[in-house]
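Q:
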Amino acid sequence: MDWGAILSNTLSYILSPVTIAYALAATGLAVHFGYAGLLNFGMAGFMALGGYGYAISVLSFGIPWWIAMIIGLLAAALFAVILGIPTLRLRSDYLAIVTIAAAEIVRLLFTTQVFDQFTNSADGLGGYHEGFRAANPFPPGQYGWGPWTFNETGLWVRVFGLLMLALAILLVWSLMRSPWGRVLKGIREDEDAVRSLGKNVFAYKMQALVVGGCIGAMGGIVYVLPSAVVPSSYTTSLTFFLWTILLLGGAATVFGPSLGAVIFWVVIALLGNLLPEMADAGILPMTAIQAGTLRYILVGVALMLLVIFRPQGILGDKREMTFVK
126 MDWGAILSNT
136 LSYILSPVTI
146 AYALAATGLA
156 VHFGYAGLLN
166 FGMAGFMALG
176 GYGYAISVLS
186 FGIPWWIAMI
196 IGLLAAALFA
206 VILGIPTLRL
216 RSDYLAIVTI
226 AAAEIVRLLF
236 TTQVFDQFTN
246 SADGLGGYHE
256 GFRAANPFPP
266 GQYGWGPWTF
276 NETGLWVRVF
286 GLLMLALAIL
296 LVWSLMRSPW
306 GRVLKGIRED
316 EDAVRSLGKN
326 VFAYKMQALV
336 VGGCIGAMGG
346 IVYVLPSAVV
356 PSSYTTSLTF
366 FLWTILLLGG
376 AATVFGPSLG
386 AVIFWVVIAL
396 LGNLLPEMAD
406 AGILPMTAIQ
416 AGTLRYILVG
426 VALMLLVIFR
436 PQGILGDKRE
446 MTFVK
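In case it helps, the numbering used here puts the sequence shown at residues 126 to 450.
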């Protein structure tokens with residue numbers, strides 16, 4: 126087995142755009158679930174709206190890239206309001222069902238032939254990178270070392286993604302230390318008690334849904350910056366990966382989603398490189414394709430053990446988890 130290649134491919138995921146995008150989306154999910162107690166299983170829909178809103182604005186309307194990103198965030202905010210009005214008064218399990226269905230509706234809308242002029246249906250969209258890449262402040266060349274070697278475009282995508290992640294972390298940290306954040310945590314613990322103090326619980330939940338949804342949409346934008354927007358990327362498995370990341374790092378934490386994203390994708394990359402090599406070497410009694418699928422089984426088992434033995438996650442505080450009382 127080529128341990129050098131396995132290690133290099135694994136370590137490259139620490140600064141991968143995919144890892145950064147998932148860290149952003151999981152940070153938005155932390156606002157929804159970790160702080161507001163909203164059981165949202167539709168984050169894939171917010172990411173899709175961010176990515177498609179950005180790409181369509183650039184390709185179909187010729188809007189500058191930075192304004193197109195704002196449009197993607199506004200699309201996610203509008204989706205949060207439309208989704209929240211009929212659902213935020215539902216019990217948490219019903220909310221989970223509705224949000225996962227809403228995300229699937231969004232994905233299917235982007236695949237339908239009705240909007241083919243704008244979305245290119247199931248084939249997705251590409252070729253919207255010119256404006257963003259033209260704003261690249263780094264001159265042409267190779268940057269970094271070892272597994273973290275990038276050309277100027279790869280570096281620009283990663284730097285921009287990390288800046289957005291830092292802003293999202295700072296925003297969440299500031300909000301949760303404010304009176305607004307303390308009310309939100311109170312709603313998570315006992316919304317009837319907060320309502321008895323004269324607070325509009327529905328309004329706070331709606332605000333949390335919008336804030337977390339916009340952060341998730343920014344994750345969706347970063348996700349599509351290196352390549353293309355493809356509707357098959359926004360299936361329910363994306364949302365389940367985000368929940369794994371959130372629970373791994375710590376739901377009610379500021380840095381937990383970022384740590385969870387790094388650990389998740391490093392482990393996925395390690396198993397994705399190691400298990401097929403072990404299968405080809407005869408160590409595992411299966412084909413390389415079967416070994417590639419085995420990694421998701423192992424991650425699922427690890428998630429179950431995590432929820433059983435450390436439900437608060439790596440950085441979380443068990444006292445803050447409403448489902449551990």
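All residues carry an ideal CB built from backbone N, CA and C; glycine is no exception.
Quick check on the DSSP output: what are the complete beta strand (DSSP E) runs of length 3 or more inside the stretch 181 to 226, in order along the chain?
A: For the stretch 181 to 226, not a single whole beta strand (DSSP E) run of length 3 or above is found.
Q: Determine whether the beta carbon atoms of residue 297 and residue 379 lie at a separation below 9 Å.
A: As a position in the sequence shown, residue 297 is number 172, starting the count at 1. As a position in the sequence shown, residue 379 is number 254, starting the count at 1. Yes, Cβ-Cβ distance for residue 297 and residue 379 is below 9 Å.
Q: Mind checking whether residue 224 and residue 170 have CB atoms under 9 Å apart?
A: Counting from one through the sequence shown, the residue named residue 224 turns up at place 99. Counting from one through the sequence shown, the residue named residue 170 turns up at place 45. Against a cut-off of 9 Å, the Cβ pair of residue 170 and residue 224 comes out as a contact.
Q: Please report how far the alpha carbon of residue 394 lies from the alpha carbon of residue 132, in whole angstroms.
A: Here residue 394 corresponds to residue number 269 of the sequence shown, with the count starting at 1. Here residue 132 corresponds to residue number 7 of the sequence shown, with the count starting at 1. Straight-line Cα distance between these residues: approximately 9 Å.
Q: Any heavy atom of the ligand SAH closer than 8 Å to the CB of residue 428?
A: By its list of ligands, the structure shown contains no ligand whatsoever, and the ligand SAH lies outside what it can speak to.
Q: Measuring alpha carbon to alpha carbon, tell me which residue in 400, 425, 426 and 443 is nearest residue 415.
A: For this step, residue 415 is matched to residue 290 along the sequence shown. Of the listed residues, the one whose Cα sits closest to residue 415 is 400.
Q: Is the Cβ-Cβ distance between residue 336 and residue 156 less than 9 Å?
A: The sequence position of residue 336 within the sequence shown is 211, counting from 1. The sequence position of residue 156 within the sequence shown is 31, counting from 1. Against a cut-off of 9 Å, the Cβ pair of residue 156 and residue 336 comes out as a contact.
Q: So, at 6 Å on beta carbons, what are the nonlocal neighbours of residue 196 in its own chain, with the 5 sequence-adjacent residues on each side left out?
A: Position 71 of the sequence shown, counted from the start, is the residue given in the question as residue 196. Same-chain partners within the cutoff: 178 and 182.
Q: What does the alpha-carbon distance come out to for the pair residue 258 and residue 228?
A: Taking the first residue of the sequence shown as 1, we reach residue 258 at position 133. Taking the first residue of the sequence shown as 1, we reach residue 228 at position 103. So the alpha carbons of these two residues sit roughly 30 Å apart.
Q: Assign residue 85 to buried or exposed, taking buried as 16 or more other Cβ atoms, counted over all protein chains shown, within 10 Å of its Cβ.
A: The structure shown has nothing for residue 85, since the chain only spans 126 to 450.
Q: Buried or exposed for residue 321, please, with buried defined as at least 16 other CB atoms from any protein chain shown within 10 angstroms of its CB.
A: Looking up residue 321 in the sequence shown gives position 196. Its Cβ having fewer than 16 others within 10 Å, residue 321 is exposed.
Q: Roughly how many whole angstroms lie between the Cα atoms of residue 420 and residue 429?
A: Walking along the sequence shown from the start, residue 420 turns up at place 295. Walking along the sequence shown from the start, residue 429 turns up at place 304. If I take the Cα positions, the gap works out to 14 Å.
Q: For residue 308, name the three-state secondary structure that DSSP assigns.
A: Along the sequence shown, one-based indexing puts residue 308 at 183. It is helical.
Q: Please classify residue 453: is it buried, with 16 or more other beta-carbons within 10 angstroms of its beta-carbon, or exposed?
A: Residue 453 falls outside the range modelled here, since the chain spans only 126 to 450, and no answer is possible.
Q: Three or more beta-carbon pairs under 8 Å between the stretch 369 to 386 and the stretch 140 to 154, yes or no?
A: Enough Cβ pairs lie closer than 8 Å, so yes.
Q: Using 9 Å as the threshold, is the C-beta distance between residue 214 and residue 356 below it?
A: For the purposes of this step, residue 214 is identified with residue 89 of the sequence shown, where counting begins at 1. For the purposes of this step, residue 356 is identified with residue 231 of the sequence shown, where counting begins at 1. Not in contact: residue 214 and residue 356 (Cβ atoms no closer than 9 Å).
Q: So for residue 266, helix, strand or coil by DSSP?
A: Within the sequence shown, the letter at position 141 stands for residue 266. Reduced to three states, the DSSP call for residue 266 is coil.
Q: Just tell me which of 306, 289 and 351 has its CA closest to the CA of residue 330.
A: Taking the sequence shown and counting its residues from 1, one reaches residue 330 at position 205. Answer by Cα proximity: 306.
Q: Kindly indicate the opening and closing residues of the beta strand (DSSP E) around residue 237.
A: Taking the first residue of the sequence shown as 1, we reach residue 237 at position 112. Run containing residue 237: none; DSSP gives neither H nor E here.
Q: Rounded to whole angstroms, what is the Cα-Cα separation between residue 187 and residue 208?
A: Along the sequence shown, read from residue 1 onward, the residue named residue 187 stands at position 62. Along the sequence shown, read from residue 1 onward, the residue named residue 208 stands at position 83. Going by the C-alpha atoms only, they are around 29 Å apart.
Q: I'd like to know whether the C-beta atoms of residue 343 and residue 159 end up nearer to each other than 9 Å.
A: One-based indexing of the sequence shown puts residue 343 at position 218. One-based indexing of the sequence shown puts residue 159 at position 34. No.
Q: Whose C-beta lies closer than 7 Å to the C-beta of residue 189 among residues of the same chain, with five residues either side of it excluded?
A: For the purposes of this step, residue 189 is taken as residue 64 along the sequence shown, with counting starting at 1. If we look at residue 189 and ignore the five residues flanking it on each side, its Cβ neighbours are 256.
Q: Which residue's Cα is closest to the Cα of residue 339: 309, 318 and 172?
A: Counting from 1 along the sequence shown, the entry for residue 339 is found at position 214. With distances taken between Cα atoms, residue 339 lies closest to 172.
Q: Is the beta carbon of residue 386 sitting closer than 9 Å to the one on residue 408?
A: Position 261 of the sequence shown, counted from the first residue, corresponds to residue 386. Position 283 of the sequence shown, counted from the first residue, corresponds to residue 408. For residue 386 and residue 408, no; Cβs fall outside 9 Å.
Q: Measuring straight from C-alpha to C-alpha, what distance separates residue 251 and residue 244?
A: Working through the sequence shown from its first residue, we reach residue 251 at position 126. Working through the sequence shown from its first residue, we reach residue 244 at position 119. Whole-angstrom Cα-Cα distance: 10 Å.
Q: Reducing DSSP to helix, strand and coil, say where residue 165 ends up.
A: As a first step, residue 165 is located in the sequence shown; it is residue number 40 there, counting from the start. Of the three classes helix, strand and coil, the one that applies to residue 165 here is coil, per DSSP.
Q: On a CA-only basis, which of 333, 398 and 424 is nearest residue 373? Give me that one, please.
A: For the purposes of this step, residue 373 is taken as residue 248 along the sequence shown, with counting starting at 1. That would be 424, whose Cα lies nearest to the Cα of residue 373.
Q: Is the CB-CB distance between residue 461 and residue 295 below 9 Å?
A: Given that the chain is displayed from residue 126 to residue 450, the structure contains no residue 461 and the question cannot be resolved.
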